[in-house]
Structures are given as C-alpha cells and as structure tokens.
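S.K.:
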Amino acid sequence: MSTVALNRPARVAGRAASVLVALALIALAATLLALQEQFRDVEARVAAFLMDPFVHGRTAPAGSIVWFGLGTQQVTGFQITTLCSTVILVTPLLAAAGLMLLVRPLALGRVLVGLAIGTGIVTLCNLLRYGFAAIAMQTWGSDGFELVHRYLGSLLVIAGFIAAVILLLRFATMRSTPQRGRHS
Amino acid sequence: MTASESLQALAFVMLVIFLSYVCMILVPFLRRKRDEDGDPAAFAWHVFVPCRDEEAVIEDTLDRLVTDFPLAHVWIVDDHSTDATAELVSMRASADARIHLVRRRLPEARQGKGAALNAAYRALNGWLPADADRDHTVIVVVDADGQLAPNALHQAAGPRAFGDPTTGAAQAAVWMSNRNDDRPIPGARGLRQWWGHYLVRMQDIEFRTTIAAMQCLRGHTLSVGLGGNGQFTRLATLDAIAGAADTPWHGSLLEDYELGIHVMLAGFRNVYLHDTHVAQEALPFTGKLLTQRTRWCQGGMQCTKYLSQIFFSRNFTNAGAIEAAYFMLMPFLQLAGTVLWPLVFLISAAQGAIAPGGLETWLATTAWVVPLMLLTGVLPFALWALIYWKRDERRGSILTALGWAVGYWLYMYQSYVVVIRAFVRLVLGRNGWSKTKRIAEYAPQSAAPAAAPQLEVVR
Numbered sequence: 001m002s003t004v005a006l007n008r009p010a011r012v013a014g015r016a017a018s019v020l021v022a023l024a025l026i027a028l029a030a031t032l033l034a035l036q037e038q039f040r041d042v043e044a045r046v047a048a049f050l051m052d053p054f055v056h057g058r059t060a061p062a063g064s065i066v067w068f069g070l071g072t073q074q075v076t077g078f079q080i081t082t083l084c085s086t087v088i089l090v091t092p093l094l095a096a097a098g099l100m101l102l103v104r105p106l107a108l109g110r111v112l113v114g115l116a117i118g119t120g121i122v123t124l125c126n127l128l129r130y131g132f133a134a135i136a137m138q139t140w141g142s143d144g145f146e147l148v149h150r151y152l153g154s155l156l157v158i159a160g161f162i163a164a165v166i167l168l169l170r171f172a173t174m175r176s177t178p179q180r181g182r183h184s
Numbered sequence: 185m186t187a188s189e190s191l192q193a194l195a196f197v198m199l200v201i202f203l204s205y206v207c208m209i210l211v212p213f214l215r216r217k218r219d220e221d222g223d224p225a226a227f228a229w230h231v232f233v234p235c236r237d238e239e240a241v242i243e244d245t246l247d248r249l250v251t252d253f254p255l256a257h258v259w260i261v262d263d264h265s266t267d268a269t270a271e272l273v274s275m276r277a278s279a280d281a282r283i284h285l286v287r288r289r290l291p292e293a294r295q296g297k298g299a300a301l302n303a304a305y306r307a308l309n310g311w312l313p314a315d316a317d318r319d320h321t322v323i324v325v326v327d328a329d330g331q332l333a334p335n336a337l338h339q340a341a342g343p344r345a346f347g348d349p350t351t352g353a354a355q356a357a358v359w360m361s362n363r364n365d366d367r368p369i370p371g372a373r374g375l376r377q378w379w380g381h382y383l384v385r386m387q388d389i390e391f392r393t394t395i396a397a398m399q400c401l402r403g404h405t406l407s408v409g410l411g412g413n414g415q416f417t418r419l420a421t422l423d424a425i426a427g428a429a430d431t432p433w434h435g436s437l438l439e440d441y442e443l444g445i446h447v448m449l450a451g452f453r454n455v456y457l458h459d460t461h462v463a464q465e466a467l468p469f470t471g472k473l474l475t476q477r478t479r480w481c482q483g484g485m486q487c488t489k490y491l492s493q494i495f496f497s498r499n500f501t502n503a504g505a506i507e508a509a510y511f512m513l514m515p516f517l518q519l520a521g522t523v524l525w526p527l528v529f530l531i532s533a534a535q536g537a538i539a540p541g542g543l544e545t546w547l548a549t550t551a552w553v554v555p556l557m558l559l560t561g562v563l564p565f566a567l568w569a570l571i572y573w574k575r576d577e578r579r580g581s582i583l584t585a586l587g588w589a590v591g592y593w594l595y596m597y598q599s600y601v602v603v604i605r606a607f608v609r610l611v612l613g614r615n616g617w618s619k620t621k622r623i624a625e626y627a628p629q630s631a632a633p634a635a636a637p638q639l640e641v642v643r
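Keeping their order, the protein sequence lines are chains A and B.
With the first letter of the first sequence counted as 1, position 156 gets the number 156 in this note's numbering; the numbers rise by one all the way through.
With the first letter of the second sequence counted as 1, position 166 gets the number 350 in this note's numbering; the numbers rise by one all the way through.
Next comes the structure, spelled out in structure tokens:
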C-alpha cells in the first residue's frame, strides 16, 4: 500500500472537517447578524465593564446604551448602534474565513488562528474607540467626543479592520506549496 | 438591521476590502528589489507580432526588433489586412531570414488575436527542426506598435524568469510610448489636445504604478497575469497547454490573461518583469479608450468561467487562487458599487431631509465624512500618481504631481462606465470587437508623408 493510499482517508477527513467548520463559521456570521440587537446589549455590558477604571465616576449598561460618569455631576450615555457595533466588523471576517475554507483546502488551524487574531484586533479597536470617545467627552465635551468618535475612532477602526483582513489572508494562505506539473 | 443599515454596512465592508487590497499591492511594490539579468544566448527567441492593417507602424517595429534583438526571429501574423501590411513584411522577409510572414486569409482570418497567435504557433512548429530544444525556446508576443526595451531578453533569461525551469511565462512591465508627447493627437489643438495628453499620462501612471503593483503582489502569490504585449512563454509550456486544451491561446476577449491562467493550471509559474518593459501607444481619445477598456473588462468577466478550475487546482497556490478570484470578481464588485454608493448617499440624504432640521442640518452634521472620504476614497487613487512622479517621471514641480494625483483619481471613474458597458455586453452576448486604430491612422494625410511613397512601391 502506497503512502498516498494511506494518507488519503486522513486527507478526506481533514477536508470534511474544514468544510464543516466553514459552514459553521458562515452560520455563525448569519446568526450574529440576526441577533445583532442582543449582541449589542452584550457589547454595551463589556464596554461598560472595561471603561469603568478609565472614566470619572462609574459606568453602567442599559440595553445597548453605555452610561458613564455615574455619581458625578455629568452623566452621559452613548448608544451602540448597529453601524457602530463590532458585529459589522466580525461578521465579514467569519464569512470570509468560511468561504475561503469552502473553496480551497487551506490549513484549518492557520485559518482559525488568523481569524482569532483578526477578530481580536477589530474587537479591541472598536472597544478602544468607545473608551476614547467617553474619555474625550468627559475631558473636552461634545467637541472632543465628535472628534474621537467620528474621525480618530473611525480611522482606528478602519485601520484595525484592514490589519485584520490582511492578517487573516496571510495566515490562511501561509505555507502554500504548489505542486508544479511535470517540474514538481 | 434595517435595509438602509445593511446597505451602509455592505458599503463599509467593500471599502475596507478595497483599502486592504491597496495596502497589499502597495507594500511589495515599494519594497521590491531589482531582478538579475541572465544570458539570452541560453535560449532561442521567437517574437510573434499579430497584425491587421498595421502598415502605419509595422516597418518601424520590424526595424526595432531585428536591431535590438539580433538573436530573435520575428514572426508577423497578417490577419487578412486590407492595407499593405503583408506586402511590406513580405519584402522584408525576402531580404532577412529572421523575418517570417504568416499569412491568414478569410474565412479563417480575423477570428481574434488568440487565433492569430495559434496560427503563428503552428507555423513555428512547422519551421522548427524535430529535435529543437523546446524547453529553451521562448515565444515573445509584441503588439504591432510595441517597443520592447533592449534589456528585455536579458531580464527574461534571468534566474527568476526563464532561468528557473518552473517558470512557464513572464510578463514585462508596460509603459506608454507617447507619454511625453505634448501633441498626442495629430492635427488637434487646444482643449482636445490637452485632454488627449491628460489621458495618455493617466494611462502611463496606471500601467507603471497601479497595475505594476498588482503584478508585484501576484509575484508573491504566484498568480502573475499575462498581458497582450510584452508577453513571454516557454514553448514547452505552450505545448503542454496545447496538449491539454487543443491550442495555447483561447477565445476569451482577454486571451492573454486567459493564457496566464492556463500556464498556471498546467503547473508552471508566471513571473512579472518590472525591470524591463514594452512601450505601447496610449489612447488619447475618450471613446476609443472606453471601448478598449470595456473589451478588457468583458474579457476579465468571461474568465470567471475558470474560477472552479482555479479553486480545485493543486497547481495554484492558495494565495494565488484567492488573488485570481478577487481579480475576476472585481468587475462584479465594482458593478455592485455603481448601485450601492449612490444608493447609500441617496438614502442618507433622504433620511436627513425628513429628520428635524431638514437637509441643512443633515449637511452640517455629515460634513465630518468629507475628510474621511478624501482619505479613503481619493488618496488610494491619488497616491499612485505621487509615487509615479517621485520614482518614474519626475517632471515639473510638486504642483505637477498634485495635478496628476487629482487627475488620476478622476480618471479612475472611467472604470464605472466601463464595467456597466461590459456587463451589458456580457448579458446580451455581444462579443464582437473592432480592432483599435493606431494613432498614426488618425493623422491628416499631410501629416504622414513617410508612409505614402513606400506603399506605392509595394503596390
């Protein structure tokens, strides 16, 4: 029995696992979109928790709104809208990873590592954007909030998203060793 | 999520994918190192020049090829010209054993450039001895107005190109030969001449920066695309493709890119040669330019039929398959963009109009988008012109560079017209195209005195 014959069942099993994971990732992306309201509530809770040590007063979530400055003279809340939510950033990464796994026999582990790093980067960037916006609001008022939320925050998120896409692709396509027809 | 939010989210994701792609092509382009030369004498070189009604340029092209490349044989494929192209070449061929004329007549002729190149391939096979070393024979495709740089064969023979036995094909960089011609439209004046000059400059920027950068990325993903001019292919690779798919060149409107796909599917590498080039005429006419680009775009769309083969091929790298898929799907994404971007704007404006304060308040509150648009919608195009000015054609002051940058950003909007036209033609099944005329053919009679006496001699 040849090596190829011995490896074939393992390869088929590996491919089947990749396809299953791919379908799961695509399903997860669709689920996130469908449940984005609930996701935003969770996101508000996480954002409130993480912002708490860095802003004046206490923070508290209420639905998709993050309140900060509680216990001080200035209590402010900002709502995490659908377009501001991390869902918009994570969903395309999940779908892209799933689609790539479906169409090419990529190394599953590497794709998942790239996806984890990419997802981590966009989540961190968006949470930083929330945090900076709250700090700017308390420090410079609504002008500071506008500047950070709209300009710097948007740039941070776009840069993070670009980095995530590139890293996902980089990890997913690493160690691709083409076989070269008659020259292989 | 509302429909409006969905559209805005989709637009944002498409923007980020585009910006990611720009970053991915920019970095390898800026960091690339010069390729080493090789010894052209290690190979046999055959230059194929497909021609149809090329009397205006063919003699100059022949002169350049036989002078600059004394090792090469030149095969002119006359595709049933109605002018004196065949006669001019025939005279030259009778005086120089390195010049060959492949004559095609109707009804076989005029079946496209791919068919003409296949005819040259058959003629070469008939001419070569049976024991020819086909691994060390390279076919070069040059347009009738193409000006191959004198170092082209040295670069093509280099260790990264045909010096590497896994290399099946190579593509030289493309420059515009009339880029510094202040009067690119014969006989035109004023604004028309200025516009023609602008279009020519923009095409030079496009080929020498943006397209070159895409090719540099493909050098890493091993998915370099072949163009119709300055295209090199190992004869043994063409044999392998012909063995698997009847002929080396096929029927897509983008037969050159299609050949590149076949080379990779057959298990060979395509490489990009940025340190040599082929110069060709840029089109100074809006209508002709849009027609040419529509043909290319439609051809690219036709190549999507290879997507499944690419995805299942073990000869494509994973990165190469993804890059090729993105390239082929790009026209369709752009098509979606032609609907998406205006729709997002209109919905946003409509929402502003019905909100408290009306349009005036909406305009005031959305003004923050403008700098972001400049950064994400203008800079990714404009930066190529700045790179071009700094690295390739440092002419005039920084104001010239800034003018080119704005001009290049605006020039890129032609792609929206092109992609819509290409899609409509694709849906309607319209595949016929007339050949693009050379600029010299637009010259007033008095402006082309050199051609006339020579034609009389032939006739």
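The beta-carbon is built from N, C-alpha and C at its ideal position, and this holds for glycine as well.
Pull the bridge partners of B:Trp259 from the DSSP assignment, please.
M.R.: Counting from 1 along the second sequence, the entry for residue 259 of chain B is found at position 75. BP columns for B:Trp259 point to B:Phe232 and B:His284.
S.K.: Just how far apart, CA to CA, sit B:Gly542 and B:Gln399?
M.R.: In the second sequence, counting from the first residue as 1, residue 542 of chain B sits at position 358. In the second sequence, counting from the first residue as 1, residue 399 of chain B sits at position 215. Approximately 48 angstroms between the Cα atoms of the pair.
S.K.: Can you give me the start and stop residues for the alpha helix (DSSP H) that B:Arg722 sits inside?
M.R.: Past the edges of chain B, shown from 185 to 643, lies residue 722 of chain B, and the structure says nothing about it.
S.K.: So the beta strand (DSSP E) A:Leu70 belongs to, where does it begin and stop?
M.R.: Counting from one through the first sequence, the residue named residue 70 of chain A turns up at place 70. Per DSSP, A:Leu70 belongs to the beta strand (DSSP E) from Ile65 to Leu70.
S.K.: Specify the secondary structure class of A:Phe78 as computed by DSSP and reduced to three states.
M.R.: On the first sequence, residue 78 of chain A is found 78 positions in, with the first residue counted as 1. Looking at A:Phe78 - three-state DSSP - the assignment turns out to be strand.
S.K.: Report the start-end ranges of each alpha helix (DSSP H) in the region 94–167 of chain A that is 4 residues or longer and not cut off at the edges.
M.R.: Listed in chain order, the complete alpha helix (DSSP H) runs (minimum 4 residues) inside the region 94–167 of chain A are 108–146.
S.K.: Show which residues of chain B have a CB atom less than 7 angstroms away from the CB atom of A:Ser154.
M.R.: Locating residue 154 of chain A in the first sequence gives position 154, counting from the first residue. Neighbours of A:Ser154 on chain B, chain order: Leu556.
S.K.: Measure the CB-CB distance between B:Ile260 and B:Val241 and report whether it falls below 8 angstroms.
M.R.: For the purposes of this step, residue 260 of chain B is identified with residue 76 of the second sequence, where counting begins at 1. For the purposes of this step, residue 241 of chain B is identified with residue 57 of the second sequence, where counting begins at 1. Not a contact, by the Cβ cut-off of 8 angstroms.
S.K.: Quick one: what does DSSP say B:His458 is sitting in, helix, strand or coil?
M.R.: Position 274 of the second sequence, counted from the start, is the residue given in the question as residue 458 of chain B. DSSP places B:His458 in strand when its eight states are reduced to three.
S.K.: Considering only C-alpha positions, which residue in the set B:Lys574, B:Ile494, B:Thr394 and B:Ile604 is nearest to B:Trp593?
M.R.: As a first step, residue 593 of chain B is located in the second sequence; it is residue number 409 there, counting from the start. Out of B:Lys574, B:Ile494, B:Thr394 and B:Ile604, B:Thr394 has the C-alpha closest to the C-alpha of B:Trp593.
S.K.: Flag this pair as yes or no: are the beta carbons of B:Val324 and B:Val231 separated by less than 8 angstroms?
M.R.: Counting from 1 along the second sequence, the entry for residue 324 of chain B is found at position 140. Counting from 1 along the second sequence, the entry for residue 231 of chain B is found at position 47. Going by C-beta atoms, B:Val324 is nearer than 8 angstroms to B:Val231.
S.K.: Could you pull out every residue in the same chain whose Cβ sits closer than 7 angstroms to the Cβ of B:Ala606, ignoring the five residues on either side in sequence?
M.R.: What you label residue 606 of chain B is simply residue 422 of the second sequence in a count that begins at 1. Closer than 7 angstroms at the Cβ level, and outside the excluded window around B:Ala606, lie Thr478, Cys481, Gln482, Met485 and Pro515.
S.K.: If we cut at 8 angstroms on Cβ distances, does B:Gln192 have a partner in chain A?
M.R.: Taking the second sequence and counting its residues from 1, the one referred to as residue 192 of chain B is at position 8. Cβ-Cβ to chain A under 8 angstroms: yes for B:Gln192.
S.K.: Considering only their Cβ atoms, is the gap separating B:Asp221 from B:Gly342 smaller than 8 angstroms?
M.R.: On the second sequence, residue 342 of chain B is found 158 positions in, with the first residue counted as 1. On the second sequence, residue 221 of chain B is found 37 positions in, with the first residue counted as 1. Contact: yes.
S.K.: CA-CA distance, B:Glu271 and B:Leu301?
M.R.: Within the second sequence, numbered from 1, the residue matching residue 271 of chain B stands at position 87. Within the second sequence, numbered from 1, the residue matching residue 301 of chain B stands at position 117. Looking at the two C-alpha atoms, the distance is approximately 20 angstroms.
S.K.: According to the neighbour-count rule (16 or more other Cβ atoms, all chains shown, within 10 Å of its Cβ), is A:Thr3 buried or exposed?
M.R.: For the purposes of this step, residue 3 of chain A is taken as the residue at position 3 of the first sequence. For A:Thr3, the predicted structure reports a pLDDT of 45, less than 50, and the residue's modelled location is therefore unreliable. A value from the coordinates is still provided. Looking at its Cβ environment, which holds fewer than 16 other Cβ atoms inside 10 Å, A:Thr3 is exposed.
S.K.: Of all Cβ atoms in chain B, is any one closer than 8 angstroms to the Cβ of A:Ile162?
M.R.: In the first sequence, the residue the question calls residue 162 of chain A occupies position 162. Interface residue, yes.
S.K.: Report the rounded CA-to-CA distance for A:Ala164 versus B:Asp315, giving the unit in angstroms.
M.R.: Reading the first sequence from its first residue, position 164 is the one you call residue 164 of chain A. Reading the second sequence from its first residue, position 131 is the one you call residue 315 of chain B. In a straight line, the C-alpha of A:Ala164 is about 54 angstroms away from that of B:Asp315.
S.K.: Is the Cβ of B:Ala631 closer than 8 angstroms to any Cβ of chain A?
M.R.: As a first step, residue 631 of chain B must be located in the second sequence, where it is residue number 447. Caution applies to B:Ala631, whose pLDDT of 37 falls short of 50 and renders its modelled position unreliable; the model cannot decide the point.
S.K.: May I ask you to report which of helix, strand or coil DSSP gives B:Gly409?
M.R.: Here residue 409 of chain B corresponds to residue number 225 of the second sequence, with the count starting at 1. Looking at B:Gly409 - three-state DSSP - the assignment turns out to be coil, as it is neither helix nor strand.
S.K.: Roughly how far, in whole angstroms, is the beta-carbon of B:Arg363 from the beta-carbon of B:Asp329, given that I think they are within contact range, below 8 angstroms?
M.R.: Working through the second sequence from its first residue, we reach residue 363 of chain B at position 179. Working through the second sequence from its first residue, we reach residue 329 of chain B at position 145. That belief does not hold up - the Cβ atoms of B:Arg363 and B:Asp329 are roughly 14 angstroms apart, past 8 angstroms.
S.K.: Select from B:Glu442, B:Arg418, B:Thr417 and B:Leu438 the residue whose C-alpha is nearest the C-alpha of B:Ala429.
M.R.: The sequence position of residue 429 of chain B within the second sequence is 245, counting from 1. The candidate whose alpha carbon is nearest that of B:Ala429 is B:Glu442.
S.K.: Going along chain A, which residues have a C-beta under 7 angstroms from B:Met158?
M.R.: A query on residue 158 of chain B cannot be resolved here, the shown segment of chain B reaching from 185 to 643 and no further.
S.K.: To the nearest angstrom, how far is the alpha carbon of A:Met137 from that of A:Arg110?
M.R.: Counting from 1 along the first sequence, the entry for residue 137 of chain A is found at position 137. Counting from 1 along the first sequence, the entry for residue 110 of chain A is found at position 110. Roughly 40 angstroms between the two C-alpha positions.
S.K.: Buried or exposed for B:Ile538, going by 16 or more other Cβ atoms inside 10 Å?
M.R.: Within the second sequence, residue 538 of chain B is the residue found at index 354, counting from 1. Looking at its Cβ environment, which holds fewer than 16 other Cβ atoms inside 10 Å, B:Ile538 is exposed.
S.K.: Suppose the cutoff is 7 angstroms on Cβ atoms and the five residues either side in sequence are ignored; what does the same chain contact list for B:Ser599 look like?
M.R.: Within the second sequence, residue 599 of chain B is the residue found at index 415, counting from 1. Cβ within range, chain order: Gln518.
S.K.: Taking DSSP's pairing of strands, which residues face B:Arg453 in a bridge?
M.R.: Counting from one through the second sequence, the residue named residue 453 of chain B turns up at place 269. In DSSP, B:Arg453 forms a bridge with B:Thr351.
S.K.: Tell me the residue span of the alpha helix (DSSP H) that contains B:Thr550.
M.R.: In the second sequence, counting from the first residue as 1, residue 550 of chain B sits at position 366. That run of the alpha helix (DSSP H) goes Gly542 to Thr550.
S.K.: B:Ala333 by DSSP, collapsed to three states: which one?
M.R.: On the second sequence, position 149 is the one that residue 333 of chain B refers to. In the structure shown, B:Ala333 sits in coil (DSSP, three-state: anything other than H, G, I, E or B).
S.K.: What is the rounded straight-line gap between the Cα of A:Leu28 and the Cα of A:Arg104?
M.R.: Locating residue 28 of chain A in the first sequence gives position 28, where the first residue counts as 1. Locating residue 104 of chain A in the first sequence gives position 104, where the first residue counts as 1. Near 20 angstroms, if we compare the C-alpha coordinates of A:Arg104 and A:Leu28.
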